[in-house]
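In what follows, a single structure is set out as structure tokens and then discussed.
Chains as they are written, first to last, in the numbering used here: chain V, 356 to 511; chain D, 136 to 461; chain S, 51 to 551.
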């Protein structure tokens, strides 16, 4: 059962999600004034696009059955299996930046962001990463905050 | 593997940073104010009218206060980003915000703003005033508003910038006051509006004087009326809309400085005096005039009255025009 | 003749030590900013604008303009080396620039893009010098129907952007068009797809979308694959930078075509370099006898977009300086800078303040020359950048993306959006959905809808307006011809391959 899910259903997920987006967009668009072709309201174009998107996704699902994800690492076409660690690390690092930049200041955000992103690779070299983080934070601060005037405080 | 030491180090750094706070909170003591540079939050991007006028006035003001005025641009629809930033600051007079008549429009346009402007912000003074202009293409030969309206009537086409802007709402108001069922065609920016006029796609354009001053001087657009209460000193021969025959149609845009509620009244009073002084200087007056803007301060009470009146005024216009709110 | 005299006077102005200094400052800063992913020339110019208030208008304008076109030189560097665009228009250069880099031809790619940028910029400057008033008048005559037809032509360019399933490419274009709808509808003021989030009322930030879709997604993909891209560690000699004779042949005409397309798009107010680069790329691919080589490192695939990039940016000055109608948002900011000094650009500027006008124009050319001199030796340096271990490179790129995107609006929500689009792009790419068509759809969507509706309002709901206006008709015909041509070509290659089997 899970193999079916993994091999057959999961690869179609993006197409399905895209279709769902089109559907949601179309439904939302309907609540805006749609109007007519020669007198379009704000809802017309989005509704049309939503419908087109759903149709395209349906066509894709019908005509192009998705190959199950392979584990081979050749050049073209094959897709690497999804690895959680780098994905989580990068996401966490950007999230950390977003949360810290305006509240804890430029340096905290930068250092945390670099440190968290280093977790993406299996054996982070912490000393070099910390040095990189400090260098980037300082250089970035000098360029962006001091020189260009981006309104972020250094600390806090 | 990450050592516990490095983990601890990271944790402590962040903690320190978060607690670092405001470089020692400045006291709300009017006697020592200002004790550090004053932030001025501008709800527009750099280069716009509000930005430029405040930067021009900001310098001498900073000199008078003894501390620099630091401009902070926080653009975003409805001024929400700017106001939120403002309200996160302390009420110690070291952070100010620029409100415009656009703010009064946003009060109606945005249903659930996460703050209450009238309760959480207090006025300091107005800074700049500007009116809008009604313009036509010189090639069309119209020299007064009356004949234009008589000729075109309900076929009148007016170009303005995007719906919800002061200019656009002024056009809506114009329709009502002039009694014409004109078609308002919105464009994205003032240059687009000018382009439309040059192409004769529209009959009339309503926009800020500053934005189209260049076009007027170049004779690309001819002003038929101004929307202010009195004639614009830069164009003394152009009548006001009232003089041109449109009753009860007066629109004046403004920029004003506001502080957070709870700021000590002495600080506000001092700011008000300094601003009035700066705006009275010849240098600032002339530079503002070159931009098509009038430098004029007022008292906090007058400013607040104006704010409330404008909120009401634009609420009426928005509701009767049926413009959607967020 | 008269123009040459004026030009001479302009050069006199532009060659003073101060002018040269500010020009150098502007173009250097511009190139540097262009290389950095995230932060773009609009933000930088806006941030530098206050500095120019205290300068003489000519010097300030020279510096700001330098930043503007300088950034276009630098933005392809990161695209080629890292597959991360320095700015949204540079995203197209990733398509063929990065493969070239993987083939060990990074130095050549950088060399080609620099030369192409110079040629594109110079071409547009020539147009500006000799034909500005005529072209400006022509450009301003474009009405909504005309814009619509041009955008439709641009949309057909989308079909050239997908490597692989055309239907998935089409789906991405449609999705991009939909994303462009988020925000406030210009014709009615209706908030669409904003779900009560004020940050979305102005629409989705283009920089956030581009950086997420191409920058973050690329990093996620590389890390996921585990094998990180590493270039050779040799030093790049000047000889290694030199393109082969075949390269030059491919370069010649694609560069010219890119310059023309870029100049044309650039002088139309309201369009931008992103559209110009996409159209130039599409033009090359459609006209090429071997379209399959695109996406694998085709020289035309970087020469044309880069030339178009710089041409469009210089050409944007045509309506700005001669009519006072800014060619795009950046121009508007610069005009603001002029207004502060009491100078109003417009038809009279050319005559009443001829010194300023021609001084600026002359400095454009000087700036481009400076950029050429600056950028060529730097190529070796940039290629060396590739030898930095990826484990240090990618955190740095992420860092730059975060602060760069933030600096556009000083809004952290934009950075969050970048992450969101990065994740979305990563997953979509894995399943064969290409990112470039989405970007194109996003940029074109609002323009297509807005102009279609406005055209109908202006013509009183008369659909015939699209064929009645000559310019609009021309572009619609071009689109039709292009579609027929591609269809015919596809069929004939099918027949050919069928005949062979």
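Every residue gets a Cβ at the ideal spot worked out from N, C-alpha and C, and that includes glycine. Given the structure is predicted, the values throughout are model-derived calculations rather than measurements.
So is residue 493 of chain S in contact with chain D if we call contact Cβ pairs under 8 Å? Within the third chain, numbered from 1, the residue matching residue 493 of chain S stands at position 443. So no, residue 493 of chain S is outside the interface.
By DSSP, does residue 478 of chain V sit in helix, in strand, or in coil? As a working mapping, residue 478 of chain V is identified with position 123 in the first chain. Three-state DSSP puts residue 478 of chain V in coil, outside helix and strand.
Would you mind working out which of S/97, S/248, S/295, S/68 sits nearest residue 108 of chain S, comparing C-alpha positions? Position 58 of the third chain, counted from the start, is the residue given in the question as residue 108 of chain S. Among S/97, S/248, S/295, S/68, the Cα nearest to that of residue 108 of chain S belongs to S/68.
Are the C-beta atoms of residue 507 of chain S and some chain D residue less than 8 Å apart? On the third chain, residue 507 of chain S is found 457 positions in, with the first residue counted as 1. Answer yes: the Cβ-Cβ gap between residue 507 of chain S and chain D drops below 8 Å somewhere.
Flag residue 194 of chain D as yes if its beta-carbon sits less than 8 Å from any beta-carbon of chain V, otherwise no. Stepping through the second chain from its first residue, residue 194 of chain D is reached at position 59. No, residue 194 of chain D lies away from the interface with chain V (no Cβ there is under 8 Å from its Cβ).
Use the C-beta contact count for residue 515 of chain S: other C-beta atoms within 10 angstroms, 16 or more gives buried, fewer gives exposed. For this step, residue 515 of chain S is matched to residue 465 along the third chain. So residue 515 of chain S ends up on the buried side.
Residue closest to residue 444 of chain V, alpha-carbon to alpha-carbon, out of S/215, S/274, S/70, S/245: Taking the first chain and counting its residues from 1, the one referred to as residue 444 of chain V is at position 89. Residue 444 of chain V has its Cα closest to that of S/274, out of S/215, S/274, S/70, S/245.
Reference residue 200 of chain S, options S/101, S/534, S/433, S/527, closest by Cα: In the third chain, counting from the first residue as 1, residue 200 of chain S sits at position 150. Minimum Cα distance to residue 200 of chain S is reached at S/527.
List, in chain order, every chain V residue whose beta-carbon is nearer than 7 Å to that of residue 218 of chain S. Your numbering for residue 218 of chain S matches position 168 in the third chain. Residues of chain V passing the Cβ test: 415.
For residue 523 of chain S, which residues from the same chain have a beta carbon less than 8 Å from its beta carbon, with the 5 sequence-adjacent residues on both sides left out? As a working mapping, residue 523 of chain S is identified with position 473 in the third chain. Cβ within range, chain order: 199, 516, 517.
Status (buried if at least 16 other CB within 10 Å, exposed otherwise) for residue 357 of chain V: Taking the first residue of the first chain as position 1, residue 357 of chain V is located at position 2. Its Cβ having fewer than 16 others within 10 Å, residue 357 of chain V is exposed.
Output the distance between the C-alpha atoms of residue 293 of chain S and residue 360 of chain S, rounded to the nearest integer angstrom. What you label residue 293 of chain S is simply residue 243 of the third chain in a count that begins at 1. What you label residue 360 of chain S is simply residue 310 of the third chain in a count that begins at 1. Spanning the two alpha carbons is a distance of roughly 21 Å.
Chain V contact for residue 207 of chain D (CB, 8 Å cutoff): Translated into positions along the second chain, residue 207 of chain D becomes position 72. Yes, because at least one Cβ of chain V sits closer than 8 Å to the Cβ of residue 207 of chain D.
Indicate whether residue 174 of chain D and residue 207 of chain D have their beta-carbon atoms separated by less than 8 Å. If you number the second chain from 1, residue 174 of chain D lands on position 39. If you number the second chain from 1, residue 207 of chain D lands on position 72. Result yes, Cβ atoms of residue 174 of chain D and residue 207 of chain D sit closer than 8 Å.
What residues match up with residue 207 of chain D in a beta bridge as DSSP calls it? Here residue 207 of chain D is taken as the residue at index 72 of the second chain, counted from 1. Looking at the DSSP assignment, residue 207 of chain D forms a beta bridge with D/176.
Which chain D residues are close to residue 459 of chain S, counting only those with a beta carbon under 7 Å from its beta carbon? The residue given as residue 459 of chain S occupies position 409 in the third chain. Under the 7 Å cutoff, chain D gives 210, 211.
Own chain residues within Cβ distance below 6 Å of residue 103 of chain S, not counting five before or after: Numbered from 1 along the third chain, position 53 holds the residue referred to as residue 103 of chain S. Here the set comprises 390.
Are the C-beta atoms of residue 506 of chain V and some chain D residue less than 8 Å apart? Reading the first chain from its first residue, position 151 is the one you call residue 506 of chain V. Yes, because at least one Cβ of chain D sits closer than 8 Å to the Cβ of residue 506 of chain V.
What three-state label does DSSP hand residue 426 of chain D in the structure shown? As a working mapping, residue 426 of chain D is identified with position 291 in the second chain. Three-state DSSP puts residue 426 of chain D in coil, outside helix and strand.
Would you check if there are 3 or more beta carbon pairs closer than 8 Å linking the segment 151–167 of chain S to the segment 297–317 of chain S? yes
Rounded separation between residue 231 of chain S and residue 491 of chain S - CA only: On the third chain, position 181 is the one that residue 231 of chain S refers to. On the third chain, position 441 is the one that residue 491 of chain S refers to. One C-alpha to the other measures close to 10 Å.
Of the residues that make up the segment 440–470 of chain S, which ones have a beta carbon closer than 9 Å to any beta carbon in chain V? 440, 441, 442, 444, 445, 446, 448, 449, 450, 451, 452, 453, 454, 456, 457, 460, 462, 463, 465, 466, 468, 469
Can a CB atom of chain D be found closer than 8 Å to the CB of residue 237 of chain S? What you label residue 237 of chain S is simply residue 187 of the third chain in a count that begins at 1. Taking Cβ atoms only, chain D reaches closer than 8 Å to residue 237 of chain S, which makes this a yes.
From which residue to which residue does the beta strand (DSSP E) around residue 357 of chain D run? Your numbering for residue 357 of chain D matches position 222 in the second chain. Counting along the chain, the beta strand (DSSP E) containing residue 357 of chain D begins and ends at 357–361.
So with CB distances below 9 Å, who are the chain S contacts of residue 481 of chain V? Locating residue 481 of chain V in the first chain gives position 126, where the first residue counts as 1. Residues of chain S passing the Cβ test: none, with the nearest at roughly 12 Å.
Whole-angstrom Cβ separation of residue 352 of chain S and residue 128 of chain S, contact assumed at under 8 Å? Translated into positions along the third chain, residue 352 of chain S becomes position 302. Translated into positions along the third chain, residue 128 of chain S becomes position 78. That pair is no contact at about 13 Å.
With H, G and I counted as helix, E and B as strand and the rest as coil, what does DSSP make of residue 395 of chain D? The residue you call residue 395 of chain D lines up with position 260 of the second chain. Here residue 395 of chain D sits in strand by DSSP.
Against chain D: residues of the segment 160–192 of chain S by CB proximity under 7 Å: 190, 191
When DSSP builds the beta bridges, which residues end up paired with residue 265 of chain D? Sequence index remark: in the second chain, residue 265 of chain D carries index 130 (1-based). Answer by DSSP bridge pairing, in chain order: D/388.
Counting contacts by CB-CB distance shorter than 8 Å, is residue 198 of chain S in contact with chain D? Taking the first residue of the third chain as 1, we reach residue 198 of chain S at position 148. False, the Cβ-Cβ gap to chain D never drops below 8 Å.
Opening and closing residue of the beta strand (DSSP E) in which residue 340 of chain D lies: Stepping through the second chain from its first residue, residue 340 of chain D is reached at position 205. Start and end: 339–343.
Out of S/157, S/241, S/485, which one is the CA nearest neighbour of residue 134 of chain S? As a first step, residue 134 of chain S is located in the third chain; it is residue number 84 there, counting from the start. Selected option, being the one with the closest Cα: S/485.
Are the CB atoms of residue 297 of chain D and residue 323 of chain D nearer to each other than 8 Å? Position 162 of the second chain holds residue 297 of chain D. Position 188 of the second chain holds residue 323 of chain D. Yes, the Cβ-Cβ distance between residue 297 of chain D and residue 323 of chain D is below 8 Å.
Per DSSP, which residues does residue 260 of chain D bridge with? Please list them. The residue given as residue 260 of chain D occupies position 125 in the second chain. Looking at the DSSP assignment, residue 260 of chain D forms a beta bridge with D/392.
Beta-carbon separation (whole angstroms), residue 414 of chain V vs residue 217 of chain S, contact threshold 8 Å: The count along the first chain starts at 1 and reaches residue 414 of chain V at position 59. The count along the third chain starts at 1 and reaches residue 217 of chain S at position 167. Confirmed, about 6 Å.
So what does DSSP say about residue 260 of chain S, is it helix, strand or coil? By 1-based counting over the third chain, the position of residue 260 of chain S is 210. In the structure shown, residue 260 of chain S sits in a helix (DSSP, three-state: H, G or I).
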